[in-house]
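Asks: Dropping the structure in here first, questions after.
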Amino acid sequence: MFGPLSRLLSNLSVKLKLAAGFAMVLSLTLAITLFGWTALGDAIESSKRLSSIARLSELNKDLRAERITFRVLADDESKGQVLKALNDMQHMLELMLPQFDDPVELKLLNDEQQLVHTYQRDFDTLQKAVTLRMTHFQALEVQEQQVLDTIDAIEKQLLLLQDMEHNQTARSKALRLLENLGRQIDNVSQQRQVPAYMSNPTSAFANVGKQAMTAAESALGQLGTALAQLQLTDTSALQASGSALSRYGQALDQYRNAAIAVENVQNDLETLGKQMREVGQRLTDHQLSVQEQEANTAQAALSSVSALALLVGILAAWIITLQITTPLRHTLELAARIAQGDLSGDSEVTRRDEMGQLQRSMHRMTLSLRELIGGIGHSTSQLSDAVQTLSAVAAQTHGGVSSQKEETDQVATAMNQMAATVQEVARNAEQASAAACDADHQAQLGDQVVAEAVAQIEQLADQVNRSIQAMGKLAQESERIGSILDVIKSVSEQTNLLALNAAIEAARAGEAGRGFAVVADEVRGLAQRTQQSTEEIEELIANLHNGTAQVVELLDSSRNLTQDSVALSRKAGAALAQIAHSVSNIQGMNQQIATASEEQSAVAEEINRNVINVRDVAEETASASTQITRSSVELQKLGNQLTTMVGRFGI
8 MFGPLSRLLS NLSVKLKLAA GFAMVLSLTL AITLFGWTAL GDAIESSKRL
58 SSIARLSELN KDLRAERITF RVLADDESKG QVLKALNDMQ HMLELMLPQF
108 DDPVELKLLN DEQQLVHTYQ RDFDTLQKAV TLRMTHFQAL EVQEQQVLDT
158 IDAIEKQLLL LQDMEHNQTA RSKALRLLEN LGRQIDNVSQ QRQVPAYMSN
208 PTSAFANVGK QAMTAAESAL GQLGTALAQL QLTDTSALQA SGSALSRYGQ
258 ALDQYRNAAI AVENVQNDLE TLGKQMREVG QRLTDHQLSV QEQEANTAQA
308 ALSSVSALAL LVGILAAWII TLQITTPLRH TLELAARIAQ GDLSGDSEVT
358 RRDEMGQLQR SMHRMTLSLR ELIGGIGHST SQLSDAVQTL SAVAAQTHGG
408 VSSQKEETDQ VATAMNQMAA TVQEVARNAE QASAAACDAD HQAQLGDQVV
458 AEAVAQIEQL ADQVNRSIQA MGKLAQESER IGSILDVIKS VSEQTNLLAL
508 NAAIEAARAG EAGRGFAVVA DEVRGLAQRT QQSTEEIEEL IANLHNGTAQ
558 VVELLDSSRN LTQDSVALSR KAGAALAQIA HSVSNIQGMN QQIATASEEQ
608 SAVAEEINRN VINVRDVAEE TASASTQITR SSVELQKLGN QLTTMVGRFG
658 I
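Counting along the sequence shown from 1, when you hit position 55 you're at 62 in our numbering, and nothing is skipped either side.
Spelled out as structure tokens, the structure:
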């Protein structure tokens with residue numbers, strides 16, 4: 008599953024990989040923030056709706072209180088407050104309708120509007136009923152005053168009676184009955200106000216003043232009997248009192264019926280108010296349920312997105328770390344093998360990022376070193392063969408020179424036999440000339456081999472310099488990676504600081520910011536893990552620096568050795584040139600010997616001098632042969648040393 012993704016990432020630069028990783032983390036962080044803002048916005052909208060519902064309930068309570076006040080007092084102020092509360096409720100419902108989109112809540116709001124309309128209609132009915140009740144109340148007060156006026160008239164008549172002994176008792180009884188009548192009228196006046204404040208005003212209004220009116224009528228009848236005993240001639244006041252009391256009873260019945268009608272409308276309004284409160288409570292309950300459901304959904308969404316962000320962040324960090332550390336580890340292993348002299352490793356590099364470029368550079372350096380060390384080894388082998396050949400030629404030359412010296416001594420001691428042995432001397436001279444030619448040829452061949460060795464060693468020095476330049480470039484690339492890692496570390500620290508600030512702000516937000524605080528903590532942990540991965544990469548790059556330094560030191564040592572090899576090879580070339588010159592002298596002397604042999608018979612003394620010269624030349628040749636032998640030994644040691652050094656590299 009990760010194969011195509013790994014191949015795709017391996018071809019991206021480290022900058023793009025890190026940018027993609029941080030972009031993914033920041034995108035998920037932005038998604039979490041958007042989820043949080045959305046959930047917070049939903050919570051705020053729900054709180055606004057609950058506030059509107061609560062305001063509607065408060066208006067309903069105010070409406071009930073003002074309605075009850077208007078029922079009792081029937082004043083314009085309470086009436087205006089009721090109408091204002093109804094208008095406010097209607098306006099509030101119109102404002103609330105666009106805020107709700109749930110079908111259940113919209114139905115409840117429509118029901119509330121219908122109840123408000125019905126309440127307004129019934130309140131109009133209540134106003135009419137209250138107006139009618141007040142009309143009957145005023146009429147009742149007028150009739151009550153008429154009854155009281157007749158009672159006052161009767162009382163005046165009783166007080167104007169002469170104080171006769173037989174009338175005193177009857178008059179006192181009449182006054183008591185008259186006082187009782189007035190008291191019953193006062194009872195009726197007091198009772199007509201009380202039912203409005205009772206728990207069941209309808210039943211109370213139905214019975215208001217009945218007992219007092221019965222008692223008043225009984226007191227009026229007894230008063231008539233008492234006045235008859237006093238033999239009053241003027242009974243108009245008593246008749247007027249009876250008529251006024253009858254009209255007062257009728258007015259009381261009308262008032263009672265009007266008050267009952269008011270209470271019936273009041274009960275209807277109370278029922279409507281209760282229904283409105285129930286609708287408001289149902290709206291509140293439903294909105295709380297919706298709010299709780301939205302909160303649960305938001306929590307689940309935030310938890311899911313946070314878990315996804317954490318998983319993707321960890322996966323991205325793991326993949327990016329693998330994409331960086333794996334090629335770095337392989338490069339470190341390759342550098343360690345090169346530092347140990349193992350150049351046999353060969354691997355195919357398919358990556359096209361900075362790590363792939365680094366691996367390809369290391370691979371090219373390995374191939375160059377392998378080719379260079381192989382060329383040095385081959386040249387060293389050729390040099391060893393040439394040295395062995397040169398040693399053999401030098402030994403042969405030394406033997407020939409020694410033989411020539413002995414023969415020259417024999418010639419010196421046998422000058423008298425020179426003529427007889429001139430042919431043999433000529434033959435020996437020819438052999439010496441051939442040996443000198445061979446020695447000259449071998450010396451030229453040795454000089455050529457040394458020149459080739461010098462060229463190969465100089466090429467080795469050039470390759471070592473190129474390797475040092477490649478390692479320097481590698482060190483520069485490592486430093487670039489280190490600077491990129493510094494940027495990553497800075498971004499991680501800034502992300503950590505931002506997450507900490509977000510957590511502080513979430514803590515200030517209280518309960519509403521708790522979910523955001525959890526997300527901020529997760530982002531902060533992710534930033535810390537990214538910083539830890541960056542520190543691990545820095546440690547790997549430090550190891551790469553150390554390995555590169557070791558390789559550079561080894562290459563510097565190889566360069567010094569190649570320079571020493573060039574110097575020694577040049578010395579060997581100079582020695583071979585001297586050998587060639589000496590061999591050329593030998594060849595010339597041999598020619599002189601041949602000439603002297605031909606002229607030996609004619610000029611013996613000249614031959615003697617030539618023999619002495621030949622002996623001197625032979626001694627020089629022996630000395631040169633000894634020097635050639637020593638140079639061959641040194642050159643062979645140098646070849647062995649080069650072979651040992653090349654052997655340290657496995658190709």
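Glycine included, every Cβ here is placed at the ideal spot set by N, Cα and C.
The model shown is predicted, which means the values in this text are computed figures rather than measured ones.
(1) Is it a yes or a no for the segment 324-332 touching the segment 23-40, going by three-plus beta-carbon pairs under 8 angstroms?
(2) Using 8 angstroms as the cut-off, can you tell me whether the segment 298-308 makes contact with the segment 113-129, which would need three or more C-beta pairs spanning the two stretches below that distance?
(3) Nearest-angstrom Cα distance between Leu80 and Ala226?
(4) Taking DSSP as the reference, what is the three-state secondary structure of Asp83?
(5) So, helix, strand or coil for Asp349, using DSSP?
(6) For Asn67, is the classification buried or exposed, using 16 other Cβ atoms within 10 angstroms of its Cβ as the cut-off for buried?
(7) I need the DSSP call for Leu505, collapsed to helix, strand or coil.
(8) If Thr659 sits next to Met369, beta carbons under 8 angstroms apart, how far is it from one beta carbon to the other, in whole angstroms?
(9) Considering only the beta carbon of each residue, do Leu122 and Gln229 sit closer than 8 angstroms?
(10) Classify Lys114: buried if its beta carbon has 16 or more other beta carbons within 10 angstroms, exposed otherwise.
(11) Measuring alpha carbon to alpha carbon, tell me which residue in Thr428, Ala233, Glu299 is nearest Leu184.
(12) With 16 as the cutoff for other CB atoms within 10 Å, does Gly580 come out buried or exposed?
(13) To the nearest whole angstrom, what separates the beta carbons of Asp69 and Ala92, a pair I think is in contact under 8 angstroms?
(14) Where do the ends of the alpha helix (DSSP H) carrying Gln236 lie?
(15) Any contact of the segment 258-266 with the segment 153-168, i.e. 3+ C-beta pairs under 8 angstroms?
(16) I need the straight-line Cα distance from Trp44 to Leu341, nearest angstrom please.
(17) In terms of alpha-carbon separation, which member of Asp109, Ile619, Glu148, Gln483 lies closest to Thr420?
(18) Considering only their Cβ atoms, is the gap separating Ala222 from Gln261 smaller than 8 angstroms?
(19) How many Å lie between Asn647 and Leu322 at the Cα?
(20) Just list the beta strand (DSSP E) runs in the segment 231-307, keeping only unbroken ones of 3 residues or longer that don't cross its boundaries, in chain order.
(21) Since Leu276 and Leu133 are thought to touch, with beta carbons under 8 angstroms apart, how far apart are those beta carbons, to the nearest angstrom?
(22) Out of curiosity, what's the CA-to-CA distance linking Thr651 and Gln417?
(23) Can you tell which of Glu543, Arg616, Glu112, Leu376 has its C-alpha closest to the C-alpha of Val286?
(24) Considering only residues of the same chain and omitting the five flanking positions on each side of Leu317, which have a CB-CB separation below 6 angstroms?
(25) Quick test of your reading: Ala258 and Leu147, contact by CB under 8 angstroms. State the CB separation rounded to the nearest angstrom.
(26) In three-state DSSP terms, what is Leu168?
(27) When burial is assigned at 16 or more other CB atoms within 10 Å of the CB, is Leu295 buried or exposed?
(28) For Arg434, count the other beta carbons within 10 Å of its own beta carbon; 16 or more makes it buried, fewer makes it exposed. Which is it?
(29) Of all the options Asp108, Thr176, Gln97, Asn194, which has the alpha carbon lying nearest to the alpha carbon of Gln120?
(30) When the Cα of Glu224 is compared with those of Ser386, Ile544, Tyr255, which residue comes out closest?
(31) So, are the CB atoms of Leu57 and Thr332 less than 8 angstroms apart?
Replies: Per the coordinate set shown:
(1) Yes: the two stretches touch, three or more of their Cβ pairs being nearer than 8 angstroms.
(2) no
(3) What you label residue 80 is simply residue 73 of the sequence shown in a count that begins at 1. What you label residue 226 is simply residue 219 of the sequence shown in a count that begins at 1. Straight-line Cα distance between these residues: approximately 33 angstroms.
(4) Taking the first residue of the sequence shown as 1, we reach residue 83 at position 76. DSSP places Asp83 in helix when its eight states are reduced to three.
(5) Start at 1 with the first residue of the sequence shown, and residue 349 comes out as number 342. Of the three classes helix, strand and coil, the one that applies to Asp349 here is strand, per DSSP.
(6) One-based indexing of the sequence shown puts residue 67 at position 60. Buried.
(7) Position 498 of the sequence shown holds residue 505. DSSP places Leu505 in helix when its eight states are reduced to three.
(8) No answer is possible for residue 659: the residues shown for the chain start at 8 and end at 658.
(9) Sequence index remark: in the sequence shown, residue 122 carries index 115 (1-based). Sequence index remark: in the sequence shown, residue 229 carries index 222 (1-based). Their beta carbons are not under 8 angstroms apart, which means Leu122 does not touch Gln229 by this criterion.
(10) On the sequence shown, position 107 is the one that residue 114 refers to. Lys114 is exposed by the Cβ-count criterion.
(11) Counted from its first residue, the sequence shown places residue 184 at position 177. Leu184 has its Cα closest to that of Ala233, out of Thr428, Ala233, Glu299.
(12) Mapped onto the sequence shown, residue 580 falls at position 573. It counts as buried.
(13) One-based indexing of the sequence shown puts residue 69 at position 62. One-based indexing of the sequence shown puts residue 92 at position 85. Their Cβ separation, rounded to whole angstroms, is 5 angstroms, which keeps Asp69 and Ala92 in contact under 8 angstroms.
(14) Residue mapping note: residue 236 aligns to position 229 of the sequence shown, counting from 1. Unbroken alpha helix (DSSP H) run through Gln236: 217-236.
(15) In short, these stretches do not touch, since the Cβ pair count stays below three.
(16) Within the sequence shown, the letter at position 37 stands for residue 44. Within the sequence shown, the letter at position 334 stands for residue 341. Answer to the nearest angstrom: the Cα atoms are 52 angstroms apart.
(17) Counting from 1 along the sequence shown, the entry for residue 420 is found at position 413. With distances taken between Cα atoms, Thr420 lies closest to Ile619.
(18) Position 254 of the sequence shown holds residue 261. Position 215 of the sequence shown holds residue 222. No, the pair does not count as a contact, with Cβ atoms beyond the cut-off.
(19) For the purposes of this step, residue 647 is identified with residue 640 of the sequence shown, where counting begins at 1. For the purposes of this step, residue 322 is identified with residue 315 of the sequence shown, where counting begins at 1. The alpha-carbon atoms of Asn647 and Leu322 are separated by roughly 56 angstroms.
(20) none
(21) Sequence index remark: in the sequence shown, residue 276 carries index 269 (1-based). Sequence index remark: in the sequence shown, residue 133 carries index 126 (1-based). Indeed, because the Cβ distance is near 6 angstroms, the residues count as touching under 8 angstroms.
(22) Position 644 of the sequence shown, counted from the start, is the residue given in the question as residue 651. Position 410 of the sequence shown, counted from the start, is the residue given in the question as residue 417. Near 49 angstroms, if we compare the C-alpha coordinates of Gln417 and Thr651.
(23) As a working note, residue 286 is residue 279 in the sequence shown. Measuring from the Cα of Val286, the nearest candidate turns out to be Glu112.
(24) Residue numbering aside, residue 317 sits at position 310 when the sequence shown is read from its first letter. Closer than 6 angstroms at the Cβ level, and outside the excluded window around Leu317, lie Glu529.
(25) Along the sequence shown, one-based indexing puts residue 258 at 251. Along the sequence shown, one-based indexing puts residue 147 at 140. Ala258 to Leu147, Cβ: 4 angstroms. Contact.
(26) Position 161 of the sequence shown, counting from 1, holds the residue named residue 168. The answer is coil: DSSP assigns Leu168 none of H, G, I, E or B.
(27) On the sequence shown, position 288 is the one that residue 295 refers to. So Leu295 counts as exposed.
(28) The count along the sequence shown starts at 1 and reaches residue 434 at position 427. Looking at its Cβ environment, which holds fewer than 16 other Cβ atoms inside 10 Å, Arg434 is exposed.
(29) Position 113 of the sequence shown holds residue 120. The residue with the shortest Cα to Cα distance from Gln120 is Gln97.
(30) Here residue 224 refers to the residue found at position 217 of the sequence shown. Nearest C-alpha to Glu224: Tyr255.
(31) Looking up residue 57 in the sequence shown gives position 50. Looking up residue 332 in the sequence shown gives position 325. Their beta carbons are not under 8 angstroms apart, which means Leu57 does not touch Thr332 by this criterion.
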